[in-house]
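What follows is a short report on a single structure.
Protein chains: 2
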Amino acid sequence: MGVSAKDILSGDIQAAARLMRDLDDEIPSAHRTLKTLYRHTGRAYLLGITGAPGSGKSTLVDCLTGHLRQEGKTVGIVAIDPTSPFSGGAILGDRIRMQKHTLDDGVFIRSLATRGHLGGLSKSTLDIVNVMDAMGKDVVIIETVGVGQDEVEIVKVVHTNLVLVVPGLGDDIQALKAGILEIADIFVVNKYDREGADRTKQELETMVSMNTYGEGEWVPPVMATVAQTGTGVHELLAEVARHWKFVSREENLKRYRTEKAKVELMEILKKKLIEKAVDDLSRSGVLDLLLRDIARKHLDPYSVADKVVDHKFAFHLRKESGKGKANRKNRP
Amino acid sequence: MGVSAKDILSGDIQAAARLMRDLDDEIPSAHRTLKTLYRHTGRAYLLGITGAPGSGKSTLVDCLTGHLRQEGKTVGIVAIDPTSPFSGGAILGDRIRMQKHTLDDGVFIRSLATRGHLGGLSKSTLDIVNVMDAMGKDVVIIETVGVGQDEVEIVKVVHTNLVLVVPGLGDDIQALKAGILEIADIFVVNKYDREGADRTKQELETMVSMNTYGEGEWVPPVMATVAQTGTGVHELLAEVARHWKFVSREENLKRYRTEKAKVELMEILKKKLIEKAVDDLSRSGVLDLLLRDIARKHLDPYSVADKVVDHKFAFHLRKESGKGKANRKNRP
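Protein chains in written order, with numbering that gives the first Met the number 0: chain A, 0 to 331; chain B, 0 to 331.
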C-alpha cells in the first residue's frame, strides 16, 4: 500500500517522509499520489536561499526559521547543498544548532543529499517542494548552491530568492554578474562584520543601479547581515515581506504561476522523454548497436540523436537489414 | 560561412574559438561541423579535476599544465567552476599567475562561465571537449565543482578524475561518501600543510578500504599535495600515469568508450527531445493552453507529461474540440 494523498493533506510527517522516499525509489503509486496532490499545491510561500558553500546559508535559514516559528508559521526546508548541516554536512556545531528545529514538529527538513548521490541532488526537488506545500507548510525554504542549470530552474519556482554573497569576493561578483541578477530578488551580504564587506555591498549596489528596470519591475535591494549574531535579519525579513507583497499583486502572481507551471512541466517532461526513448531503444535492442557504433566512431551521437527524435529508427534498421545486414545484432 | 572541420583539425585556435561561440549560439552550420569532427575525437587524454570552490583546483590545474607543457604536450582546459580564475573569477593573484598559460599557444583555455549564465554552465561541455580533442590537444583538463547531475555525467567521460578534498572537512566526507567514491579515480588532499590534513587523508583511506573492489578493479589512491608550492605534484602525476595505463588496457578502454558514447548520446538526446516537444506543442498552440490549465490547477504537470510522451495530444485536442471547445484557443 502506498501513501495516500489524504495522509499528506492532513500534514502527517511520517507519511510525507515515506512518500518522498517512494518518489526517490520511483514507486508508481507515489507518482499517482503526487498527481492527486498537485491541485492542493500553490498555497505555501516558497523562499529560495542561494549561495556558495560557506556563505552562511544554513545559519541564515536557521535564523529565518526561528523568526517564522515565532510568528506561528510552519516551515519546510529543502537543502540541496551537500555541505549544508541540513544535509548532514558542515561542522558539528552547526548540526547541534539545527537540532532545535529537527525536534520541532512545525519544521520539516528534507535533505537531497541523504540518498548518497553527489549529483542528481535536484532530481526531485520540485516534487519534494510540492509535497511540503500540500502538507500545509506555510513557508518552504529551498537552500541551493546555485551551480548548474537544474538549480537555476528551481530558483525560478520560488516566490522570493535571496542570493548570499560573502565579503571580499569582488572578482567573483564580476564573474557571476549576468547570472546573479537573473536569480536575485534580494541580495544579502552575509558575514558583514568581515573586512571588505562595505566594498562588496557597494559593488552589488552599483551592479543593480547599472541594470535597466522597467516600470513596475522589482529592483533587488542589497541587505547586510551577520546571521551568526542575528544582526540585520529583522531588516532582511522586512524586505522579504515587501517582496512577498510585490509578488502577490494579481498581475505578478499570474506571471509567476505560469512560469512555475512551465518549469514544472519542462522538468518532468525532460525526465519522461529520455526515459521513454531509452526504453524504446533498449527494448528493440537498438541502443546497444548504436552505442557500439558511436564508440567505434562509425556513427556520431549528434546524427543518432536527430534520428531518434524524428523516430527514424524503424526505417533505418529496415533499410540496413534489406542490405543483408539483418544479422548484425550480435547480443547474447 | 561557418567554421570548417578542416580548420579545427589543423589546430586553428581562432577557428576553434569561433566554432565554440557558434555552438553556444546554436548556429546550424556549427552543429554540422561538430558531426564531421566527431570521428576525429577520442585521441585526447581527458583529465577531470573535481572539488569545491576554494579547494585549490585551479592552482593544481596550473601546476599540472606546467608539467605537461614541459613534456611537450598540448593542453586544453575547460573550466566550469564560476569561481575559477580560468573562468574569470577568483582573486587577482590567481589570474595573473594564469596569464603565462593564456599566452602559451600550446594551451587553449575555455571557460563555460564567460557567457554570463550562472546556470547552464555545462550546457555544451561535451561539445567543447570534443572540439579540443579534434583540434589535436594531447590532454584536455576539465575543472568541475562536482555539484549537480550534469557535472557527474561529465565526470563519466573523462579517463581519469581527480577529486580534491580540503583538510578539516571530515563531516563533509561523510556527507559525500557514496557519491565521492563513484567519481574519484584518485583522491587528492590538497593544502596538505593545513591543520587536520593527516586526519582527512586517513579518513579517505579508511573510506576506500571499507569499499569492496573486484579483481582487476581500480582502487583509488589518496595523494597529498600543496599545489601552491608544487609539493606532491610529481607523485600525483605518477599516479595519474598509472591510472592512464590502467584505463588503456584493451578491456577497460572498450568499456570506457561505450560509457562515453552513452553519456554523449544521452546528453544530446535529452536536449533534442525536449526542444522537439516544446516546438511541437508551441507550434500547435497547445503549450500555452496547457500551462494556463496547470497554473490554474485544472491539470497536473505529471499527467500532462505522460500524455506528451505518449503523443496523445492530437487525440486529446480533437476530442475536446468535438465537444464544442474548438474555440478555446484564445491567443493573440
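Cβ coordinates follow ideal geometry from the N, Cα and C atoms, glycine included.
{"query": "Residue range of the beta strand (DSSP E) that includes S110(B)", "result": "106-110"}
{"query": "Between the CA atoms of K253(A) and R295(B) - distance to the nearest angstrom", "result": "9 angstroms"}
{"query": "Contacts of A260(A) in chain B (Cβ-Cβ under 7 angstroms)", "result": "L290, I293, A294, P300"}
{"query": "Anticipated Cβ contact below 8 angstroms, T32(B) with A15(B), distance rounded", "result": "Rounded, the Cβ-Cβ distance is 11 angstroms, inconsistent with contact."}
{"query": "Beta carbon of N189(A) nearer than 8 angstroms to that of A226(A)", "result": "yes"}
{"query": "Exposed unless 16 or more other CB atoms sit within 10 angstroms - verdict on G284(A)", "result": "exposed"}
{"query": "Entirely enclosed alpha helix (DSSP H) segments - the region 217-246 of chain B, minimum 4 residues", "result": "232-246"}
{"query": "Within chain B, the residues that V308(A) reaches when beta carbons sit closer than 7 angstroms", "result": "K271, L272, K275"}
{"query": "Whether L125(A) touches I79(A) by CB criterion (8 angstroms)", "result": "no"}
{"query": "CA-to-CA distance, G213(A) to V157(A), given in whole angstroms", "result": "21 angstroms"}
{"query": "Contact with chain B by D305(A), beta-carbon distance below 8 angstroms", "result": "yes"}
{"query": "Beta-carbon gap between L280(B) and L272(B) smaller than 8 angstroms", "result": "no"}
{"query": "Below-8 angstroms beta-carbon distance, T211(B) vs any chain A residue", "result": "no"}
{"query": "Short-range partners of chain A found in the region 2-19 of chain B, where Cβ spacing is below 7 angstroms", "result": "none"}
{"query": "Cutoff 8 angstroms: H242(B) Cβ touching any chain A Cβ", "result": "no"}
{"query": "Chain A contact residues for M265(B), given Cβ-Cβ distances below 8 angstroms", "result": "I273, V277"}
{"query": "I273(A), DSSP secondary structure in three states", "result": "helix"}
{"query": "Secondary structure of Y44(A), DSSP reduced to three states", "result": "strand"}
{"query": "Close Cβ partners of G105(B) (< 7 angstroms) along its chain, the five nearest in sequence each way excluded", "result": "R68, T73, V74"}
{"query": "DSSP three-state assignment for G65(A), whether helix, strand or coil", "result": "helix"}
{"query": "Contact set between T257(B) and chain A, taken where Cβ atoms lie within less than 8 angstroms", "result": "L290, R291, A294"}
{"query": "For N142(A), the residue or residues it bridges with in DSSP", "result": "Note that residue 142(A) corresponds to Glu in the displayed sequence, not to Asn. Answer is I48(A), A78(A), bridged to E142(A)."}
{"query": "Close beta carbons around A183(A), own chain, < 7 angstroms, minus the five adjacent residues each side", "result": "N160, V162, P219"}
{"query": "For N189(B), three-class secondary structure by DSSP", "result": "coil"}
{"query": "Whether V77(B) touches V139(B) by CB criterion (8 angstroms)", "result": "yes"}
{"query": "Alpha-carbon to alpha-carbon, E258(A) and L18(A)", "result": "26 angstroms"}
{"query": "Cα-Cα separation, T58(B) to F245(A)", "result": "45 angstroms"}
{"query": "Listed by chain order, chain B residues near L268(A) by CB distance under 7 angstroms", "result": "I273, A276, A304, V307"}
{"query": "Host beta strand (DSSP E) of G162(A) (start-end)", "result": "Residue 162(A) is actually Val in this sequence, not Gly. From DSSP, the beta strand (DSSP E) with V162(A) extends over 159-164."}
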